[in-house]
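Here is the structure we will look at.
8 protein chains.
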Amino acid sequence: MTEGTARMDWARDARTGLPEAVYAEGKTVAQLIAILSEAAAQDRPLLLTRLATSRLADLPPDLRANLDHDALSQTAIFGTPPQPAAAGVTVVCAGLADMPVVGEAVRTLAFSGVRAQVVTDVGVAGLWRLLERLDELRAARIIIAVAGMEGALFSVLAGLVSAPIIAVPTSVGHGVATGGHVALNSALASCAPGLVTVNIDNGFGAAQSALRILHAGR
Amino acid sequence: MTEGTARMDWARDARTGLPEAVYAEGKTVAQLIAILSEAAAQDRPLLLTRLATSRLADLPPDLRANLDHDALSQTAIFGTPPQPAAAGVTVVCAGLADMPVVGEAVRTLAFSGVRAQVVTDVGVAGLWRLLERLDELRAARIIIAVAGMEGALFSVLAGLVSAPIIAVPTSVGHGVATGGHVALNSALASCAPGLVTVNIDNGFGAAQSALRILHAGR
Amino acid sequence: MTEGTARMDWARDARTGLPEAVYAEGKTVAQLIAILSEAAAQDRPLLLTRLATSRLADLPPDLRANLDHDALSQTAIFGTPPQPAAAGVTVVCAGLADMPVVGEAVRTLAFSGVRAQVVTDVGVAGLWRLLERLDELRAARIIIAVAGMEGALFSVLAGLVSAPIIAVPTSVGHGVATGGHVALNSALASCAPGLVTVNIDNGFGAAQSALRILHAGR
Amino acid sequence: MTEGTARMDWARDARTGLPEAVYAEGKTVAQLIAILSEAAAQDRPLLLTRLATSRLADLPPDLRANLDHDALSQTAIFGTPPQPAAAGVTVVCAGLADMPVVGEAVRTLAFSGVRAQVVTDVGVAGLWRLLERLDELRAARIIIAVAGMEGALFSVLAGLVSAPIIAVPTSVGHGVATGGHVALNSALASCAPGLVTVNIDNGFGAAQSALRILHAGR
Amino acid sequence: MTEGTARMDWARDARTGLPEAVYAEGKTVAQLIAILSEAAAQDRPLLLTRLATSRLADLPPDLRANLDHDALSQTAIFGTPPQPAAAGVTVVCAGLADMPVVGEAVRTLAFSGVRAQVVTDVGVAGLWRLLERLDELRAARIIIAVAGMEGALFSVLAGLVSAPIIAVPTSVGHGVATGGHVALNSALASCAPGLVTVNIDNGFGAAQSALRILHAGR
Amino acid sequence: MTEGTARMDWARDARTGLPEAVYAEGKTVAQLIAILSEAAAQDRPLLLTRLATSRLADLPPDLRANLDHDALSQTAIFGTPPQPAAAGVTVVCAGLADMPVVGEAVRTLAFSGVRAQVVTDVGVAGLWRLLERLDELRAARIIIAVAGMEGALFSVLAGLVSAPIIAVPTSVGHGVATGGHVALNSALASCAPGLVTVNIDNGFGAAQSALRILHAGR
Amino acid sequence: MTEGTARMDWARDARTGLPEAVYAEGKTVAQLIAILSEAAAQDRPLLLTRLATSRLADLPPDLRANLDHDALSQTAIFGTPPQPAAAGVTVVCAGLADMPVVGEAVRTLAFSGVRAQVVTDVGVAGLWRLLERLDELRAARIIIAVAGMEGALFSVLAGLVSAPIIAVPTSVGHGVATGGHVALNSALASCAPGLVTVNIDNGFGAAQSALRILHAGR
Amino acid sequence: MTEGTARMDWARDARTGLPEAVYAEGKTVAQLIAILSEAAAQDRPLLLTRLATSRLADLPPDLRANLDHDALSQTAIFGTPPQPAAAGVTVVCAGLADMPVVGEAVRTLAFSGVRAQVVTDVGVAGLWRLLERLDELRAARIIIAVAGMEGALFSVLAGLVSAPIIAVPTSVGHGVATGGHVALNSALASCAPGLVTVNIDNGFGAAQSALRILHAGR
Ligand SMILES: Nc1ncnc2c1ncn2[C@@H]1O[C@H](COP(=O)(O)O)[C@@H](O)[C@H]1O
Ligand SMILES: Nc1ncnc2c1ncn2[C@@H]1O[C@H](COP(=O)(O)O)[C@@H](O)[C@H]1O
Ligand SMILES: Nc1ncnc2c1ncn2[C@@H]1O[C@H](COP(=O)(O)O)[C@@H](O)[C@H]1O
Ligand SMILES: Nc1ncnc2c1ncn2[C@@H]1O[C@H](COP(=O)(O)O)[C@@H](O)[C@H]1O
Ligand SMILES: [Mg+2]
Ligand SMILES: [Mg+2]
Ligand SMILES: [Mg+2]
Ligand SMILES: [Mg+2]
Ligand SMILES: [Mg+2]
Ligand SMILES: [Mg+2]
Ligand SMILES: [Mg+2]
Ligand SMILES: [Mg+2]
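Chains as they are written, first to last, in our numbering: chain A, -15 to 202; chain B, -15 to 202; chain C, -15 to 202; chain D, -15 to 202; chain E, -15 to 202; chain F, -15 to 202; chain G, -15 to 202; chain H, -15 to 202.
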């Protein structure tokens, strides 16, 4: 069996304002090499998500040399995207175990030229930590909120600020919270107004939604 | 088919400190009449839960005369239990739609001689409402917290006070929250310390747990 | 048992830019009357959602006279909010059975001064219906997309336009789609970039998110 | 404990037009050897699915020599089936991570003498990719459509062509899509007409259904 | 709120060989009237499914006069479709409670000119009932198999005949089988080869798939 | 649409030792009448389950005259089965709300000539109630145990007696116990040895299993 | 932390007729050694289930010398139980991948002195395989039926024989069948009469139930 | 990407009476080192849970030297908390496989100065084991009950004693019990009065709830 040929959606940027990106999990080495080679040939920067550190060794040295891989978020940036600049996006998380997802969001924004602010470890068990950063959060134009377990951070935050809030439930948690469904459902069922959510652990998708909102505001 | 004979657990009080109680849903009229008649014969007060207002008309007048039925909570007190007195138990809820469950808890406590404080409509969407009542809540010896939807109230409260907190998730909510499972899972997966929970809409069970704690403190 | 006292979050507008609103389902008549009377006393307009037509008859005539109730969306506007004006928000739906949810979104936007465009019955089974309206959809600043069943509309739309897209999965559908979870999960798992979602049938929440985005763009 | 004796259903072909095949997962080495030896003794070709590459080393060299194993699809063809010829079956997939399932379908068809067309990476996020191949797809007599995540490809395709469409949802995806249930439910709940589905990742079953349809058309 | 305008997919027939059809559940009376009026104006026959008998009274007499409504299957045929003729399609069911779904399939086929054979009450609890009809079933070109509870009929049938088999799991059953998920999963997980399935109770979809297969065989 | 013809499995008794029975839910009046008429014509007694009291009025008087209907268990015995005699089967239940299911088991046994013992309201919340009846339970040859909520009765009983125990989980309970899945899973996951279970509320199936065991012991 | 002390239920045999047994999974080496030493000291044979082959090396040689471990079923018999003799119990399975569960049942029966008959690989996809063995199965006093995937074997068998049938659903299967829930639900929802079931993969429990039935027949 | 900075909630003790604690799973080595260093710098003892033994080697020797790690419960105590003293808390478990969770509870209590009693292996399959220890259990001021599988221990215990009972369902079990949801739901749906529960395997949370109750009793 052949492994199939990738059909890159380079036109996506023109249609949606969002760049084509590669979800590396489940792709074979040969498929990844073909994709990176096409990007190199066309001299396009490219974002890869869910690229395990252990797979880097399988790539040929010349391609690897152009890959900026981040182990925490398992993202890689191929080639040279524009320099990021501040645009009012803040990424806030409830606990340190959420940092890989924070990282995926921050790197996705960076790839599209947006440098995010990061506020970490402000879960509601110690509410003062969130209140301490409230001025900062109120100043944000868009907030990406990242939390696992019961995701109470989403509701509390949405009741306190006026910016659009994109919830990213994470798979952090055990027992009933295993896999992130409790945090996801908390975001969906929130009593606080005007909260939207993306899939569990989907920092990439949250960042892309934030980019759509930034474009809408132009 | 015979409808079967109730075997009342009158000894429960001696073993557990908690009175026998009757879950009226699913019982036939004949069964309820037999139970009430036995309680009357032994001159024991008796608590009934989940007794729909529409079923009252099926009971004979003499039994009905001794029933103090509350339409909101669908509870009935048969006979005359002791006068309730304050004991440091506060029942707090997130929204007005939670009041039937608050009522079940309050009435169950009252049946066992405990007069509860009630704090209503302090959901976290408007956090100031909870903070406004914080002194009161911090003064409580035991807190029963009642909330539906995403149940963020449980976590916020547990991070702010030192009393034992018994969460009662309610079936209030729509979409993914239908039936109360999101609030229940939020209580279970809470990032805040030392929260316990009972079944969805189980104000009765929360009250009984509070009674156990009161006894333990004696 | 008392039915409890509502604690209206009138300060929400100042904190979040979004008005307090009342979720009528599960509230007693006495509770609704108290809330409407408070709004009347303070001369504030108020949005009520999930108010069944059959309950209108329970309200006193003077309050009812100030209620503009819409049977399709089960929403009511109490008092006189500002006149709505166009702001670039388009609400699009897959089928006619989604119209009650479309209505909830449109009315919530109208209550906050935004007059939405509506595009109906453009499900992907006949893709030409969507493509026929594509120019209109591409011109929108924000899109609220409403669909039940398998919710394929969300992904197709997100691949074609650049505006922020807020998916509202509906409970329309039978068999595995009963209750709307398939459409919800399709929105969450979408292969298309930058899609966000709210709870099933939550036209209200989608509208409130759109308002946050409009404010962010100012 | 003995490992049991296989009872091969060699008569299946006569009853159903479909050859007996072996699901290798969960079978012991001894069981596999006995099955292959029986096929060898009767000089029958045999298809094996879900045979991990790592297990090949456990088989005796003479049996292994007659096995054509494909690493991508984890299928093996034992002996020499007829040469495949074109019959109007097209296998189309949404992304490259679906290729193992595409491979299982293609190899199952090949084993029964049918050479399939393959169309890869035409997910609806970039709709032009599908539309570009539409003439090809419209020319197909039967379509097997393979997709994970939210499976929107199934509905879009079913609205555009007249051939029978067999959906194969795949386990590709994360968060709520983990394991393939979202894609499966999308196929089942599709608003587009006349779509049928098989189990998650079941390329084998889809191919066998296609063979039934081919036979029915004779 | 306006109730929206239907956008009928009259072109569906040309694209897919399948006629546009109306899912009546969830549509308002005004919406149904507009749709029927459009069909009348264009002199097109139209199939409606899930049209409750109780709703007929809401339609104006002239439209009702052209509606052939079947109470068992809750289907209605508006106008005059072609006379049905035999085409080798057999609909078989496990129990009498499955007949409404059988009826939906039979009526959908009839609307497109296909007169189906029906074999009823041949569930596997008494296997002889199925075996007694085996010659008939083996002679069919396409089989639609309808069953609830544990759906064992699907597997047994698929092991005995060579025609394409479209399973329609029904919501008949209680306890774990409530709603039809067990029968659906049995169809999906079947050990028998080449079975495909549609959504629970979806006789309409099964009939449409059969029509696709008939067209493919031409 | 015709309503289809029942194919009664009168031969079941010869094959399995268990009589054909009719599951009345989901059958139309015409279907029920045809079945009863066939039984009358052949002079066979017949058991009907899930026959709602409200449907009796739809049956013709001559058939109704031969029906012994029990409102609690919703069962009907048509014609005259043998007189029941004791055979060592005891049916025990946890609470009075389980009595309809107890009744279905008792009536099914009676139809096949077995008169059961009944022990009611011995749930483990008051363990003494069960222990009080232990001698009786230890004397039983077969036990059918009926319980809802958390079904702890099953495990406790299975640790105390040596007879075969058939658990019948019931749908009695609220919150997470709604529908009976918790009691079912408790039976399946029991730490006590040699417990078997049937579907939720399936008193009929439990009785039939008991009959198989009685036959095996002959 | 101490690892705790086992409290062996040696009295179980006297109460229930079933011997104490050890579920090895999740127990530490020290716990297992203490248990085996106690059995050795009291000179009692002991059955262990779910004892992974890899753990044998952790046990001291003298204990290991008395362990008869079976790799397929992951069971071990410590000491010398009585010689097994035939008692009319037949274990039948649908496929070879079910053999580990068959083995657990066979070994549990053997430990209690019962030598079972085994019938393998008679899944309903090739119904003739089951029918070929029907005389044998009809002669059995008790049948333990083991099947994964959709578990259609349970219903077919229960319609054909009169012996008690204990279904053991297995975790064999993929996609929706992963983990065995489909086979379990098929057993529970079966349309065939008098089927009982145990937990997924619970060959041990099925054997213990069979022992109870054997005792009841004495 | 930076790994983020921990924001320790040292003030938690003052607010809630419960010490800050660290959930080690999902935290990077660098994050753990920073946290331990901060605790060391402030000379505060600190409890860590879910710290895998394999991770100890990653910590610098000086920090490791102050860590008292327990392999069974995967907890670590950093620094020197107060000496534990008896306070009436008893931890009871159903089986030996529950000991890691028992350990987490015991160590959490110890960290806060409470030395617990432990009663092991008293599952209800052999009820005498529990009854044998009943006096001890009745003497407890608070009971933490730990059980997996079907969790029947919770209900039996709650019917026998008067102390507050905190159920800790464990993930011990297979088939339907996999992951602990059956035990959890049994605790929630219990027919016995006044039982509360925490998340699956959450020995830590149960201990913290016990501490709240102890404080309330002061
Ligand atoms: N509202 C309630 N929710 C949960 N449990 C209840 C409720 N009311 C009573 N109970 C308990 O349920 C047990 C069984 O009820 P019964 O079926 O009346 O014997 C009683 O003994 C009470 O402990
Ligand atoms: N239809 C709706 N869906 C979801 N949330 C709503 C809806 N209507 C109102 N809300 C929100 O629910 C909160 C609680 O409502 P209430 O119970 O009326 O205090 C309100 O403050 C609103 O933010
Ligand atoms: N009973 C049915 N089950 C599933 N799909 C249906 C049914 N009836 C009609 N449909 C399909 O659902 C689509 C949407 O229906 P409508 O909402 O009427 O536009 C129609 O175009 C049909 O293809
Ligand atoms: N209450 C019941 N629960 C489960 N199965 C039943 C019940 N009553 C009858 N049955 C069985 O269901 C089969 C199918 O019923 P019917 O649909 O009437 O042909 C009968 O042959 C019985 O074996
Ligand atoms: Mg791509
Ligand atoms: Mg009772
Ligand atoms: Mg409010
Ligand atoms: Mg085979
Ligand atoms: Mg339409
Ligand atoms: Mg029948
Ligand atoms: Mg033990
Ligand atoms: Mg922390």
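Backbone N, C-alpha and C define an ideal beta-carbon position, used for all residues, glycine too.
Item                                                                                                                                                        : Value
Are the Cβ atoms of A:L31 and A:A5 separated by less than 8 Å?                                                                                              : yes
Kindly indicate which three-state DSSP category E:G187 falls into: helix, strand or coil?                                                                   : helix
Looking at C:A70: is its Cβ nearer than 8 Å to the Cβ of C:V156?                                                                                            : no
Mapping DSSP to helix, strand and coil, what is E:P153?                                                                                                     : strand
In the DSSP assignment, find the unbroken alpha helix (DSSP H) run with F:H165 in it and report its ends.                                                   : 165 to 172
Counting only beta-carbon atoms, is F:R28 nearer than 8 Å to chain J?                                                                                       : You won't find chain J in this structure, because its protein chains are A, B, C, D, E, F, G and H.
Grouping DSSP H, G and I as helix and E and B as strand, with all else coil, what is E:V145?                                                                : coil
Among the candidates H:A173, H:S193, H:G178, whose CA atom is the shortest distance from the CA of H:V98?                                                   : H:S193
Identify whether F:D119 lies in helix, strand or coil by the three-state DSSP scheme.                                                                       : helix
Check the C-beta distance from C:V76 over to C:V103 and give it rounded, since I have them as a contact under 8 Å.                                          : 4 Å
Using a Cβ cut-off of 7 Å, pull out every chain G residue sitting near H:S57, in sequence order please.                                                     : M(-15)
Quick check: does the Cβ of G:D(-7) come within less than 7 Å of any heavy atom belonging to ligand 11?                                                     : yes
Using C-beta distances below 7 Å, list every residue in its chain close to G:S174, excluding the 5 sequence neighbours before and after it, in chain order. : F138, S139, A142
Three-state secondary structure (DSSP) at H:D82?                                                                                                            : helix
At the level of alpha carbons, what is the spacing between A:M83 and D:A161?                                                                                : 22 Å
May I ask you to list the residues that DSSP assigns as paired with E:A69?                                                                                  : E:V98
If the criterion is Cβ atoms closer than 8 Å, does the pair H:V145 and B:T0 meet it?                                                                        : yes
If you draw a straight line from the alpha carbon of D:L93 to that of D:L168, how long is it in whole angstroms?                                            : 22 Å
By the three-class DSSP mapping on this structure, what secondary structure does H:T92 have?                                                                : helix
Where does G:L2 sit, in a helix, a strand or coil, going by DSSP?                                                                                           : coil
Please name the residue in D:E22, D:L43, D:Q58, D:R48 whose C-alpha comes closest to that of D:L35.                                                         : D:Q58
Have a look at C:R122 and D:G110 and give me their C-alpha separation to the nearest angstrom.                                                              : 15 Å
Going by alpha carbons, who is nearest to F:A147 out of F:R28, F:A18, F:D119?                                                                               : F:D119
Classify A:R202: buried if its beta carbon has 16 or more other beta carbons within 10 angstroms, exposed otherwise.                                        : exposed
Can you give the Cα-Cα distance for F:L195 and G:L2, rounded to whole angstroms?                                                                            : 23 Å
List the residues of chain D that C:G159 touches, going by C-beta distances under 8 Å, in chain order.                                                      : L172, A173
Does the beta carbon of C:A201 come closer than 8 Å to any beta carbon on chain A?                                                                          : Residue 201 of chain C is actually Gly in this sequence, not Ala. It does: the Cβ of C:G201 has a partner Cβ on chain A nearer than 8 Å.
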